[in-house]
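Q:
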């Protein structure tokens with residue numbers, strides 16, 4: 005049985021769970037907070053990050069690495085484009101979205117969602133404004149410019165769409181939604197991805213786990 | 005003709021150039037400093053990072069994404085393990101080394117090599133000591149624990165070895181070498197990788213470009 009170490013609410017855990025759900029693969033979730041300092045967990049993942057996948061003797065960290073492995077090992081329901089150049093672009097979008105885009109979205113989520121709830125602190129609105137007004141717009145303009153006029157990047161729903169959207173689920177929990185006037189194609193993509201059955205199922209589980217459901 | 009946008013001295017550009025050299029692929033290098041603010045370059049790479057690969061109509065950022073694409077598009081001389089689990093581990097090592105490991109090595113390189121030369125500033129030795137004494141050792145212990153008793157991670161030289169070593173070429177320029185008493189297997193790996201013809205050729209070009217040659 006595949007094991008996923010992590011917790012609901014992480015954009016990276018969510019990406020892996022949706023990939024598993026999309027592929028119809030069963031798994032067991034092992035609760036693990038990120039950066040917990042747990043030395044046993046660091047034997048699985050030296051960075052203490054989540055998620056980590058365990059598949060038999062293979063232990064893999066990083067959502068990008070995990071999703072590529074799942075595609076390679078369980079190809080029956082493909083979640084990556086078949087075309088080589090499109091697959092490479094999907095890989096690029098995953099790196100782009102999991103790095104700087106996710107970091108900015110996590111900044112909004114941490115300040116407005118985590119700080120009040122977990123630390124009884126006020127959010128740093130100056131930091132949030134810097135993200136929303138200065139740092140995010142160039143990345144959102146790039147995404148908007150990459151999207152086709154309708155729906156998904158490569159025709160059908162794939163990892164490339166999911167990776168761009170998952171950080172904005174967190175931003176949305178924190179009250180930030182991508183403006184559909186400024187970024188109509190990306191706002192429509194986010195809605196389309198949220199409507200995918202595999203996504204809706206995992207988001208429903210997540211809402212329960214986070215106490216919204 | 006493949007085009008690589010970047011400059012010598014970046015651990016990530018080096019990784020791509022060595023991959024091309026190993027595979028015997030011709031390429032043209034287009035000089036591009038990272039984070040230059042050059043708006044034309046941002047059309048190729050929205051983050052302004054280097055390297056960027058252009059192959060016909062395909063434009064890819066990020067060394068990890070580029071190397072995986074080169075393996076997929078030009079498989080004649082393989083630079084990744086053939087075994088699926090080993091390939092996934094190579095992918096994990098690439099993510100691990102290109103993220104936190106490269107960041108720490110870059111800290112040493114920036115402080116001790118770039119600051120004095122490019123900015124006529126003294127290095128921040130407190131910051132360097134924090135990297136060398138506190139932040140790097142857990143990652144070096146992890147690497148040491150992953151390595152087999154002799155030579156390469158997966159039998160023959162592969163991307164997995166190269167990605168672990170390339171950040172330490174920069175650290176070495178800055179006077180930091182991995183201690184062979186504390187980390188004998190990793191120190192031996194670094195020497196072995198440096199001795200690979202593809203690596204030695206690119207390092208010789210790099211030394212000339214950086215004014216050592």
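Residue numbers (our numbering), protein chains in the order written: chain L, 5 to 217; chain R, 5 to 217.
For every residue, glycine included, the Cβ atom is placed at its ideal position computed from N, Cα and C.
Where do the N-terminal and C-terminal ends of the beta strand (DSSP E) with residue 146 of chain L fall, by residue?
A: Note, residue 146 of chain L: premise wrong, no beta strand (DSSP E); alpha helix (DSSP H) at 140-150.
Q: Output needed for residue 51 of chain L: all residues of its chain with C-beta closer than 6 Å, excluding positions within five of it in sequence on either side, in chain order.
A: Once the five neighbours on either side are set aside, residue 51 of chain L has no close Cβ partner at all.
Q: My assumption, with CB atoms under 8 Å, is that residue 171 of chain R sits in contact with residue 101 of chain R. Please give the rounded CB distance.
A: 6 Å
Q: In the region 49-78 of chain R, which residues sit with their C-beta less than 8 Å from some C-beta in chain L, listed in chain order?
A: 50, 51, 61, 62, 64, 65, 66, 68, 69, 72, 73, 76, 77
Q: Going along chain R in order, which residues have a C-beta closer than 9 Å to the C-beta of residue 36 of chain L?
A: Chain order gives no chain R residues near residue 36 of chain L, where near means a beta carbon separation below 9 Å; the closest approach is about 17 Å.
Q: Measuring alpha carbon to alpha carbon, tell me which of L:86, L:174, L:22 ends up nearest residue 166 of chain L.
A: Residue 166 of chain L has its Cα closest to that of L:22, out of L:86, L:174, L:22.
Q: Based on Cα-Cα distance, which residue from L:155, L:177, L:17 lies nearest to residue 56 of chain L?
A: L:17
Q: Hey, does residue 146 of chain R have any beta-carbon neighbour from chain L nearer than 8 Å?
A: Judged by the 8 Å Cβ criterion, residue 146 of chain R is in contact with chain L.
Q: With 9 Å as the C-beta to C-beta threshold (strictly closer), list the residues of the region 79-93 of chain L near chain R in chain order.
A: For the region 79-93 of chain L, the set of residues with a beta-carbon nearer than 9 Å to any beta-carbon of chain R comprises 88, 89, 91, 92, 93, in chain order.
Q: Give every residue of the same chain whose Cβ lies closer than 7 Å to the Cβ of residue 83 of chain R, excluding the five residues on either side of it in the sequence, and list them in chain order.
A: 23, 26, 27, 75, 162, 163
Q: Mind checking if residue 168 of chain L is an interface residue toward chain R, Cβ cutoff 8 Å exclusive?
A: no
Q: Closest to residue 31 of chain L by C-alpha separation, out of L:206, L:8, L:45, would be which residue?
A: L:8
Q: Check whether the Cβ atoms of residue 242 of chain R and residue 174 of chain R lie closer than 8 Å to each other.
A: Not covered by the structure: residue 242 of chain R. The range shown for chain R is 5 to 217.
Q: May I ask you to verify whether the region 33-48 of chain R touches the region 190-204 of chain L, counting CB pairs closer than 8 Å and requiring at least 3?
A: no
Q: Among residues of its own chain, excluding the 5 on either side of residue 65 of chain R, which ones have a beta-carbon nearer than 7 Å to its beta-carbon?
A: 49, 51, 53, 56
Q: How would you list, in chain order, the residues of chain R whose beta-carbon sits under 9 Å from the beta-carbon of residue 142 of chain L?
A: The contacting residues are 46, 50.
Q: Quick check: is the beta carbon of residue 104 of chain L nearer than 8 Å to any beta carbon in chain R?
A: For residue 104 of chain L, the nearest beta carbon of chain R is closer than 8 Å to its own beta carbon.
Q: Taking the alpha helix (DSSP H) that residue 93 of chain L belongs to, which residues open and close that run?
A: 88-100
Q: Going along chain R, which residues have a C-beta under 9 Å from residue 137 of chain L?
A: Going along chain R, no residue has its Cβ under 9 Å from residue 137 of chain L, so there is no contact; the nearest lies around 18 Å.
Q: List, in chain order, every chain R residue whose beta-carbon is nearer than 9 Å to that of residue 95 of chain L.
A: 64, 66, 68, 69, 72, 73
Q: Using the Cα positions of residue 1 of chain R and residue 126 of chain R, report the straight-line distance between them to the nearest angstrom.
A: No answer is possible for residue 1 of chain R: it lies beyond the span of chain R, which begins at 5 and ends at 217.
Q: Measuring alpha carbon to alpha carbon, tell me which of L:130, L:92, L:142, L:158 ends up nearest residue 43 of chain R.
A: L:142
Q: Let me make sure I understand the geometry here. Which of R:160, R:150, R:216, R:177 has the alpha-carbon closest to that of residue 226 of chain R?
A: As displayed, chain R neither begins before 5 nor continues past 217, which places residue 226 of chain R out of reach and without an answer.
Q: If the cut is a Cβ gap below 8 Å, which residues of chain R does residue 99 of chain L touch?
A: 65, 66, 68, 69, listed in chain order.
Q: So for residue 1 of chain R, helix, strand or coil by DSSP?
A: With chain R running from 5 to 217 in the structure shown, residue 1 of chain R is simply not present.
Q: Taking residue 211 of chain R as the reference, give the member of R:190, R:181, R:177 with the closest Cα.
A: R:177
Q: Would the beta-carbon of residue 200 of chain L be found less than 7 Å away from any heavy atom of the ligand COA?
A: No copy of the ligand COA appears in this structure; indeed no ligand is present at all.
Q: For a quick check, are the C-beta atoms of residue 85 of chain L and residue 190 of chain L less than 8 Å apart?
A: no
Q: Taking residue 105 of chain L as part of the beta strand (DSSP E), name the residues at either end of that continuous run.
A: Unbroken run through residue 105 of chain L: none, as it is neither H nor E.
Q: Helix, strand or coil for residue 203 of chain R? Go by DSSP, reduced to three states.
A: If DSSP states are grouped into helix, strand and coil, residue 203 of chain R belongs with the helices.
Q: Just the Cα atoms here: how many angstroms apart are residue 1 of chain L and residue 145 of chain L?
A: Past the edges of chain L, shown from 5 to 217, lies residue 1 of chain L, and the structure says nothing about it.
Q: For residue 7 of chain L, report the span of its beta strand (DSSP E) as first-last.
A: 6-10
Q: Let me check one thing: in DSSP terms, what residues is residue 58 of chain L bridge-paired to?
A: By DSSP's assignment, residue 58 of chain L forms a beta bridge with L:7, L:63.
Q: Identify whether residue 160 of chain R lies in helix, strand or coil by the three-state DSSP scheme.
A: coil
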